Structure formats: C-alpha cells, structure tokens
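Step one of this worksheet: look at the structure below.
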C-alpha cells in the first residue's frame with residue numbers, strides 16, 4: 001500500500017529535517033511512502049536536489065494558491081500534510097502584518113484540501129509558543145491564547161481557521177527549534193551554533209536573563225511528527241483533532257542556554273553577560289515567559305523530549321562530524 005506525504009515549506013529548517021527522516025525512516029509498517037514538498041523561492045539550490053532525490057518538488061505561492069493544482073494532477077491527494085511554511089521572525093511580521101497573515105494562516109492550503117472528495121487527509125500544522133501572553137510559567141493547551149505581537153496573532157488565527165474548516169488536524173505549538181544544520185544549509189542563524197560561535201571569539205556577549213522558553217531539539221519534533229503520521233496511517237477511525245504543546249523538557253533563559261553551550265564546549269562562562277530583555281528594542285513586543293507544560297504530549301504519544309543539555313551535546317557533536 002502506498003501512502004503520500006506532503007511537506008509544505010520543505011526547504012526550511014524543520015522541513016528538511018522532516019524530509020530526511022521520512023526518506024530514511026525504516027518503515028516497520030505494510031506501506032510505502034511517496035514524498036513531495038512545496039517551496040516558494042526559485043530555483044531550488046543544487047545541494048537540496050541532491051540531498052532529497054526521492055521527494056517531488058512543487059513550487060507553490062501560499063498567498064494566491066497557485067501551484068496546488070499541479071500537486072493534485074501529479075501527486076494526488078496526500079494522506080498527511082505537514083505545514084511548516086511560515087513567516088516566523090516576529091519583527092518581520094510586525095513590519096508587514098498583511099503578508100504575515102497571508103502566509104501564516106493557511107487558507108489556500110485548506111481550500112485546496114477541500115477540493116478533494118474525501119476528507120481523509122491529516123493536516124499537521126506548526127504553531128508557536130508565542131500564542132501565549134508570557135505572564136506565567138508552564139502554559140497548558142487549555143490556557144487562553146493572548147498573543148502580544150503580530151506573529152502570535154497570525155498563529156492564533158491559523159489555529160482557529162484550521163479547526164473550523166478542516167476535520168482532521170494536529171496543531172503543534174512549538175517553542176524555539178534547535179539542532180544540527182540541514183543537508184542543504186539554511187541561511188538563517190541557528191541558535192546553538194550562533195551561541196557557540198559568539199562565545200568562541202572570547203569577547204563578552206549579552207544574553208537575556210528574564211525571557212524563558214522550552215526549546216525543543218529538532219529530532220524530537222521530527223519524532224513527534226513521524227509518530228502522528230504513523231498513527232494516522234494505521235488508524236481505522238480516521239479522525240484526529242489534537243492540540244499539543246511541543247517544547248523541550250527544560251524552561252531556560254537565553255543566559256542558561258548560553259551557559260549550557262559554554263559548559264559543553266569549554267568556553268569561559270564569564271563571557272556571558274546577563275541583561276534584561278527590556279533593555280533592548282527589537283522592534284516587536286516579546287513575551288517574557290512562555291514556557292510550556294508538555295504533559296499532554298508525553299501522555300498522548302509516549303514521547304519524552306531530551307533535556308536541553310543533552311540536546312546541545314547532540315547538536316554540537318553532530319556538527320563536529322561534518
């Protein structure tokens with residue numbers, strides 16, 4: 001039996017890690033996987049085509065929906081769609097809220113799914129911890145989402161749109177995603193690698209001591225998405241409506257993140273200068289504490305993310321082997 005997976009935003013950081021796992025994941029099930037992904041910018045970089053030879057590329061414009069018809073004609077209806085496409089830089093969303101809304105609320109994607117006769121596709125959608133206000137620690141999924149910036153507002157709108165317009169979904173509220181570089185390197189700065197590089201210069205670096213997150217190791221997030229994929233494909237009932245916090249095990253500040261990097265790499269921790277987040281104007285309001293309770297994740301999927309220190313070790317050990 002052949003099953004079809006579409007990764008929307010496959011050239012991005014999470015998208016590439018996902019495609020890599022789907023392509024190499026040993027299937028212990030009685031089905032084969034056909035893989036496809038969407039991308040926006042053209043042309044595709046050469047390293048990308050070489051890295052993912054078994055995945056079909058489709059250029060899609062999320063604003064207009066142009067490109068989805070080609071997927072219908074060539075690939076057909078996917079069994080699972082993972083939506084990683086987003087404008088995820090909060091400041092960029094603040095500067096151009098209309099574009100942020102057009103990309104982050106996947107109306108063209110859902111409209112395309114509605115064009116199929118069967119409602120048999122599972123939509124796994126990446127949301128964010130920035131839907132929370134940031135006034136307390138360890139938010140639960142049932143806490144009211146009160147975002148303080150445009151990015152968070154577009155993501156709340158996306159969650160609402162999906163839950164009202166598509167019957168089968170898993171919405172994953174992700175924290176900062178970190179881990180090794182992708183096979184085709186992404187241009188954005190990766191948090192652990194940036195901290196390692198900054199501290200290796202042996203100059204003092206400022207880090208926030210009063211902003212808290214639950215960063216998640218990218219391979220854990222991939223494991224979560226693979227588990228949902230397998231659950232959906234092997235399920236008889238064909239119904240899923242799930243909202244999960246997907247953060248790591250630890251609530252950490254940027255200072256604590258930098259300390260973990262410094263301790264593993266042997267950098268001088270006195271180079272880490274704690275400053276308040278309120279001392280820097282980033283052009284966007286940032287929630288102070290959006291750490292998340294991941295009890296529902298652990299209970300639902302029996303997946304327990306690695307500690308932040310272990311994630312740092314895995315990240316930098318993998319980078320050293322390249």
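Residue numbers (full-length UniProt numbering): 1 to 322. By construction, the Cβ of each residue, glycine as well, lies at the ideal position given by its N, Cα and C atoms. As the structure is a computational prediction, the values presented were derived from the model and not from experiment.
In terms of residues, what are the limits of the beta strand (DSSP E) holding residue i?
i: residue 39; result: 32–39
i: residue 128; result: 122–128
Run the CB neighbour count on residue i, radius 10 Å, all protein chains shown included, and call it buried at 16 or more, exposed below.
i: residue 235; result: exposed
i: residue 28; result: Per-residue confidence for residue 28 stands at a pLDDT of 46, beneath the threshold of 50, marking its modelled position as unreliable; no derived number is given.
i: residue 70; result: exposed
i: residue 41; result: exposed
i: residue 179; result: buried
i: residue 131; result: buried
i: residue 154; result: buried
In angstroms, rounded to a whole number, what distance separates the CA positions of residue i and residue j?
i: residue 230; j: residue 82; result: 13 Å
i: residue 277; j: residue 257; result: 15 Å
i: residue 31; j: residue 152; result: 38 Å
i: residue 205; j: residue 270; result: 9 Å
i: residue 242; j: residue 259; result: 35 Å
i: residue 16; j: residue 56; result: 13 Å
i: residue 52; j: residue 13; result: 14 Å
i: residue 294; j: residue 181; result: 25 Å
i: residue 44; j: residue 86; result: 18 Å
i: residue 191; j: residue 117; result: 43 Å
Tell me where the alpha helix (DSSP H) around residue i begins and ends.
i: residue 90; result: 90–95
i: residue 70; result: 68–74
i: residue 149; result: Careful: residue 149 lies outside any alpha helix (DSSP H) and carries neither H nor E.
i: residue 309; result: 308–320
i: residue 303; result: Per DSSP, residue 303 belongs to no alpha helix (DSSP H) and is neither H nor E.
i: residue 23; result: 13–24
Do residue j and residue i count as a contact pair if the criterion is CB distance below 8 Å?
i: residue 67; j: residue 111; result: no
i: residue 80; j: residue 5; result: yes
i: residue 238; j: residue 137; result: no
i: residue 338; j: residue 285; result: Residue 338 lies beyond the range of the chain shown here (1 to 322); nothing can be said about it.
i: residue 268; j: residue 214; result: no
i: residue 173; j: residue 129; result: yes
i: residue 158; j: residue 125; result: yes
i: residue 297; j: residue 226; result: no
i: residue 184; j: residue 78; result: no
i: residue 139; j: residue 240; result: no
Comparing alpha-carbon positions, which option in the options lies nearest residue i?
i: residue 36; options: 125, 49, 42, 45; result: 49
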